[in-house]
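So for the sequence shown, this note's numbering puts the first residue at 26; every next one is plus one. Positions of the beta carbon are idealized from the N, C-alpha and C atoms, including for glycine. Only one structure is covered here, and it is reproduced in the block below.
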Amino acid sequence: MKMDRRIIRMAKAQPMISSRMIKDGLKLPVSAVTVRRRLCEANLFSRIPRKVPLLKKRHVEKRLQFAKEHINWPKESTKLFQSVLWSAGWPKQNIGSLLES
């Protein structure tokens, strides 16, 4: 039971980690298959990240230009603006560095 909780905690903390790495990281006396089985029992199944095309420099510039033009939208439009503009998986922590340049 304690081992299961440790496996699940590590998998949730690092979602992209493999069962072999969990086994080695926690120094468990079980096989990687057992780790996978425990994760499946906890409804944590393996996934493959979706491949998405990278943004080209011109795409970033166009998005940034749009954001600068619409930065003073009314408050009721702001929520829609934020959800639409960065919905393609754009990392939000990079916005500030782009606006400063």
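- Would you call the region 77 to 84 and the region 38 to 58 in contact, with 3 or more CB pairs under 8 Å? no
- Counting only the same chain and skipping the five closest in sequence on each side, list residues whose C-beta sits under 8 Å from that of N97. Within the sequence shown, the letter at position 72 stands for residue 97. The answer is none, since no qualifying residue turns up.
- Taking contact to mean at least 3 C-beta pairs separated by less than 8 Å, is the region 79 to 94 in contact with the region 56 to 65? no
- Determine the closest residue to P40 out of R30, I73, M26, with distance taken between C-alpha atoms. The residue given as residue 40 occupies position 15 in the sequence shown. For P40, the nearest C-alpha among the options comes from I73.
- Range covered by the alpha helix (DSSP H) that runs through Q60: Residue numbering aside, residue 60 sits at position 35 when the sequence shown is read from its first letter. It should be noted that the sequence gives Val, not Gln, for residue 60. Here the alpha helix (DSSP H) through V60 covers 57 to 66.
- Mark K27 as exposed unless 16 or more other C-beta atoms lie within 10 angstroms of its C-beta, in which case mark it buried. One-based indexing of the sequence shown puts residue 27 at position 2. That one is exposed.
- Message: Could you give the first and the last residue of the continuous alpha helix (DSSP H) run that contains M35?
- Response: Sequence index remark: in the sequence shown, residue 35 carries index 10 (1-based). Counting along the chain, the alpha helix (DSSP H) containing M35 begins and ends at 27 to 38.
- Message: By the three-class DSSP mapping on this structure, what secondary structure does L89 have?
- Response: Counted from its first residue, the sequence shown places residue 89 at position 64. Residue state, collapsed to three classes: helix.
- Message: Taking the alpha carbon of R45 as the reference point, which residue from I32, L89, A38 has its own alpha carbon closest?
- Response: In the sequence shown, residue 45 corresponds to position 20, counting from 1. Residue I32 is the option with its Cα nearest to R45.
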